[in-house]
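Have a look at the structure below before the remarks.
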Amino acid sequence: MGDFGSDGSSSMSVVMYPWLAFGHMTAFLHLSNKLAEKGHEIVFLLPKKALDQVKPLNLYPNLITFHTISIPHVKGLPPGAETNSDVPFFLTHLLAVAMNQTRPEEETILRTNKPDLVFYDSADWIPEIARPVGAKTVCYNTVSAASIALTLVPAAEREIIDGKEMSAEELAKPPLGYPSSKVVLLAREAKTLSFVWRRHEGIGSFFDGKVTAMRNCDAIAIRTCRETEGKFCDYIESQYNRPVYLTGPVLPVDEPNKTSLEPRWADWLAKFKPGSVVFCAFGSQPVVDKIDQFQELCLGLEATGLPFLVAIKPPSGVSTVEEALTEGFQERVRGRGVVYGGWVQQPMILDHPSVGCFVSHCGFGSTWESLMSDCQMVLVPQHGEQILNARLMAEEMEVAVEVEREENGWFSRRSLEDAVKSVMGEGSEVGEKVRKNHDKWRCVLSDSGFADGYISKFEQNLTDLVKS
Ligand SMILES: O=c1ccn([C@@H]2O[C@H](COP(=O)(O)OP(=O)(O)O[C@H]3OC[C@@H](O)[C@H](O)[C@H]3O)[C@@H](O)[C@H]2O)c(=O)[nH]1
Ligand SMILES: [O-]c1cc(O)cc2[o+]c(-c3ccc(O)cc3)c(O[C@@H]3O[C@H](CO)[C@@H](O)[C@H](O)[C@H]3O)cc12
4 MGDFGSDGSS
14 SMSVVMYPWL
24 AFGHMTAFLH
34 LSNKLAEKGH
44 EIVFLLPKKA
54 LDQVKPLNLY
64 PNLITFHTIS
74 IPHVKGLPPG
84 AETNSDVPFF
94 LTHLLAVAMN
104 QTRPEEETIL
114 RTNKPDLVFY
124 DSADWIPEIA
134 RPVGAKTVCY
144 NTVSAASIAL
154 TLVPAAEREI
164 IDGKEMSAEE
174 LAKPPLGYPS
184 SKVVLLAREA
194 KTLSFVWRRH
204 EGIGSFFDGK
214 VTAMRNCDAI
224 AIRTCRETEG
234 KFCDYIESQY
244 NRPVYLTGPV
254 LPVDEPNKTS
264 LEPRWADWLA
274 KFKPGSVVFC
284 AFGSQPVVDK
294 IDQFQELCLG
304 LEATGLPFLV
314 AIKPPSGVST
324 VEEALTEGFQ
334 ERVRGRGVVY
344 GGWVQQPMIL
354 DHPSVGCFVS
364 HCGFGSTWES
374 LMSDCQMVLV
384 PQHGEQILNA
394 RLMAEEMEVA
404 VEVEREENGW
414 FSRRSLEDAV
424 KSVMGEGSEV
434 GEKVRKNHDK
444 WRCVLSDSGF
454 ADGYISKFEQ
464 NLTDLVKS
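At position 111 of the sequence shown (counting the first as 1) the number is 114 in this note's numbering, and the numbers step up by one without a gap.
Structure (structure tokens):
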């Protein structure tokens, strides 16, 4: 068991193995930084391909060591696929199969390192291999407590008859005792949840995996805070009868010697008035897969008349974002609008004085980053979990505006234009309301001591767990 307690040192040794998606790896690494700041040692497991992108986020290279894992090829996956970004959504279960095949390598790592704690979210077999080496396990959830409470608790179990798809109404039904009437899905939105209970050969369903992961761990951890999601956390605790530890937002702090924003974006943004640019980003995975919706998004931003920067993966069927743009678009917006298919430094862009509005897909990482920023927020969630994050921000906290959708679930360029104008337009009542509420929340969340208080309590929880 590391040197925890044995020589009076309170340093813990931790192994982290997050789900193979950048949103998850990034969130696990931010938490690793917080634990390393307190002197704990972390071995961080990740696929080779992710290393270059994740490495710069390591603020404690002396305490956080990366260990690359070979992700085997599984029939049906694109050649060389190692992360969720390489895999279309409907093949995600095959990436989970590939991750399961890394179990022997993990076993060797745990036997060699003998950690005090192992953090994981997806690899539900971690408790089975951690227990024999005396390690305690923490199932760390980087998504909202609301999205777990709605679908991934024992009470949300559904009976699937002969593999028949459930109706949208059935999918939308919250489990007994679910604590909110606002953070819910409409029937048509709940269709995106059908993957949760769908069974796949060899690995069962996403629901089975998550419930096993949370049932078998020693403690459940969630990247959230009581102030925003207390009632959902209490519900999860009562469902699993496991302690639920909260880490708070876990965002990277500004380091005095941090790298600066790439000059291409810093120079471009500097051309515009303070608070005038609309920044739009949709996370690390290709989420807008329909080319028409991709085009509506770009055309809607054009129609606002405001300067804009979009960082987004290309939709299905094309390999670059440029190919997906409508004819004449680039010429019309030249000088005030950019659509970029690569990786940008999102937190730094949100921090830039010229940026005044963030159009987001509501990934939970982006949700925290936008709450901490002083940008107005427009929400364009793409699937179940992101829609719930959007409801939390728009309906419960009233800090953002969600784009309106038609009956078929699609948004139009007009509805996006309206949503952006409603938060950016001078004298807009809605804009004033969300700005005021957002300011209040930002004050609470960014108060010195708020995030640190969560991390200190979390560290104490871990210490007690390891000693127990
Ligand atoms: O170009 C980019 C894109 C993204 N990012 C960063 O990457 C992270 C993306 O994480 P998000 O959680 O917002 O979104 P992702 O879509 O990547 O995550 C995934 O896991 C978390 C879930 O809540 C999301 O629904 C799921 O899609 C953010 O920290 C963001 O700042 C960049 O720095 N640059
Ligand atoms: O779409 C989702 C709807 C919902 O109600 C809950 C979740 O939960 C999670 C989740 C992820 C990690 C955890 O530790 C707990 C819960 C979801 O994860 C996303 O699933 C996608 C499909 O497998 C995957 O592509 C993405 O990387 C995950 O973030 C989704 C929902």
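For each residue, glycine too, the CB sits at the ideal point set by N, CA and C.
Closest by C-alpha distance to residue i, when choosing among the options
i: Gly233; options: Tyr243, Pro50 and Val247; result: Val247
i: Val341; options: Cys283, Val383 and Asp292; result: Cys283
i: Met19; options: Asn116, Ser322 and Ala84; result: Asn116
i: Lys139; options: Gln56, His355 and Asn219; result: Asn219
i: Lys194; options: Gly412, Ser431, Ser373 and Lys460; result: Gly412
i: Gln298; options: Gly331, Lys274 and Ala273; result: Gly331
i: Ser197; options: Glu172, Glu204 and Ser184; result: Glu172
i: Asn87; options: Tyr243, Val146 and Trp22; result: Trp22
i: Ala30; options: Val290, Thr370 and Pro157; result: Thr370
i: Asp3; options: Asp421, Met400 and Ser431; result: Nothing about residue 3 can be reported from this structure: the residues present for the chain run from 4 to 471 only.
i: His203; options: Pro318, His386 and Leu94; result: Leu94
i: Ala84; options: Ala133, Pro317, Pro50 and Gly428; result: Pro50
i: Pro81; options: His70, Leu98, Ile67 and Gly428; result: Leu98
i: Val146; options: Val404, Glu407, Pro182 and His386; result: His386
i: Thr68; options: Val57, Ala39, Ala53 and Phe47; result: Phe47
i: Ala149; options: Ser449, Ile239, Leu254 and Gly452; result: Ile239
i: Ile65; options: Asp55, His43, Pro75 and His76; result: The amino acid at residue 65 is misidentified as Ile; the sequence shows Asn. Checking every option, the nearest Cα to that of Asn65 belongs to His43.
i: Lys37; options: Arg191, Pro252, Val362 and Phe25; result: Pro252
i: Phe311; options: His70, Lys274, Leu188 and Ile294; result: Lys274
i: Thr105; options: Phe92, Asp119, Ala126 and Val90; result: Ala126
i: Leu189; options: Val313, Glu265 and Arg394; result: Arg394
Element boundaries [beta strand (DSSP E), containing residue i]
i: Ser16; result: Ser16 to Tyr20
i: Val146; result: No beta strand (DSSP E) contains Val146, which DSSP labels as neither H nor E.
i: Gly359; result: Val358 to Ser363
i: Cys446; result: Here Cys446 belongs to no beta strand (DSSP E); instead the alpha helix (DSSP H) covers Glu432 to Ser449.
i: Met380; result: Gln379 to Leu382
i: Ala314; result: Phe311 to Ala314
i: Phe367; result: Note, Phe367: premise wrong, no beta strand (DSSP E); alpha helix (DSSP H) at Phe367 to Met375.
i: Leu120; result: Leu120 to Tyr123
i: Ala284; result: Val280 to Ala284
Opening and closing residue of the alpha helix (DSSP H) in which residue i lies
i: Val100; result: Thr95 to Asn103
i: Ile294; result: Ile294 to Ala306
i: Leu113; result: Arg106 to Asn116
i: Gln389; result: Gly387 to Arg394
i: Gln288; result: Note, Gln288: premise wrong, no alpha helix (DSSP H); not H, not E.
i: Ala190; result: Ala190 to Ala193
i: Leu196; result: Neither: Leu196 is in no alpha helix (DSSP H) and is coded neither H nor E.
i: Pro266; result: Pro266 to Leu272
i: Ala171; result: Ala171 to Ala175
Own chain residues within Cβ distance below 6 Å of residue i, not counting five before or after
i: Lys213; result: Leu155
i: Gly278; result: Gly359
i: Phe461; result: Tyr248 and Thr250
i: Gln288; result: Asn87 and Ser88
i: Val324; result: Pro317, Val342 and Gly344
i: Met396; result: Val402 and Ala403
i: Leu465; result: none
Reduced DSSP category for residue i - H, G, I as helix; E, B as strand; rest coil
i: Ile129; result: helix
i: Glu162; result: coil
i: Tyr248; result: strand
i: Pro82; result: coil
i: Pro259; result: Note that Pro259 scores a pLDDT of 47, beneath 50, so its modelled location is shaky; the value from the coordinates is reported in the next line. Residue state, collapsed to three classes: coil.
i: Gln56; result: helix
i: Met28; result: helix
i: Lys424; result: helix
i: Leu48; result: strand
i: Phe235; result: helix
i: Leu468; result: helix
i: Ile72; result: strand
i: Tyr243; result: helix
i: Glu429; result: coil
i: Val136; result: helix
i: Glu405; result: strand
Near ligand 3: residue i beta-carbon under 7 Å from a heavy atom
i: Lys194; result: Ligand 3 is not among the ligands present in this structure, which contains only ligand 1 and ligand 2.
Short CB-CB distance (under 8 Å) between residue i and chain D
i: Leu38; result: Checking the listed chains, one finds no chain D in this structure; it contains a single protein chain.
Contacts around residue i, its chain only, beta-carbon distance under 7 Å, and the 5 residues preceding and following it disregarded
i: Pro157; result: Val214 and Gln242
i: His364; result: Phe285, Gly286, Val290, Val383, Pro384, Gln385 and Gln389
i: Ala133; result: Leu113, Val121 and Thr140
i: Arg416; result: Glu299, Leu302, Gly303 and Ala306
i: Val100; result: Val77, Gly205 and Ile206
i: Phe209; result: Phe198 and Val199
Nonlocal neighbours in the same chain, by C-beta distance under 8 Å from residue i, ignoring five residues either side
i: Ser263; result: Ala269 and Met351
- Item | Unbroken stretches of the alpha helix (DSSP H), 4 residues or longer, contained in the segment 321-354 | 324-327, 332-336 and 349-354
- Unbroken stretches of the alpha helix (DSSP H), 4 residues or longer, contained in the segment 198-231: 209-219
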